[in-house]
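Undergrad:
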Amino acid sequence: MKAEKEFDRIKSIQGEQARLLANARDIIWAYEISDNNWEKYIPELNARMEHAHASNLSSIDFINEKHEHCRIDFKNEIEICLNNQRQRQII
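Just add 3 to wherever you are in the sequence shown, counting from 1, and you've got the numbering used here.
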């Protein structure tokens with residue numbers, strides 16, 4: 004019974020992740036790494052960002068590839084690294 008519930012829970016999570024990725028596949032979020040030089044966010048984060056933006060959330064937090072705690076501020080269109088206060092424009 005426990006294994007069945009865990010299987011259903013994992014299946015539900017995977018279904019939600021697939022739905023988010025499908026919804027966000029046409030929307031590409033990126034951050035500025037230098038003047039007019041942009042880098043795309045990884046697909047999973049891109050999907051989270053688009054879902055949050057479509058849900059009118061003001062921000063989302065995530066851990067980047069350098070294990071830094073970061074925040075996307077949709078209103079100000081910036082990414083803030085909370086470890087060192089570095090800011091980057093997003094589109």
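Heads up, the beta-carbon is just placed ideally off N, CA and C, and yes, glycines get one too.
Check the DSSP bridge columns for Arg-91 and list the partner residues they point to.
TA: Partner(s): Glu-82.
Undergrad: Are the beta-carbon atoms of Ile-30 and Glu-53 separated by less than 7 Å?
TA: yes
Undergrad: Looking only at its own chain, which residues have a Cβ that is under 7 Å from the Cβ of Asn-86, when we skip the five neighbours before and after it?
TA: Glu-71 and His-72
Undergrad: Just grab the DSSP bridge partners of Ile-75 for me.
TA: Ile-63 and Glu-82
Undergrad: Mind checking whether Ile-63 and Ala-55 have CB atoms under 7 Å apart?
TA: yes
Undergrad: Out of curiosity, what's the CA-to-CA distance linking Asn-67 and Lys-78?
TA: 20 Å
Undergrad: Should Glu-7 go down as buried or exposed, given a rule of 16 or more other Cβ atoms within 10 Å for buried?
TA: exposed
Undergrad: I need the DSSP call for Asn-49, collapsed to helix, strand or coil.
TA: helix
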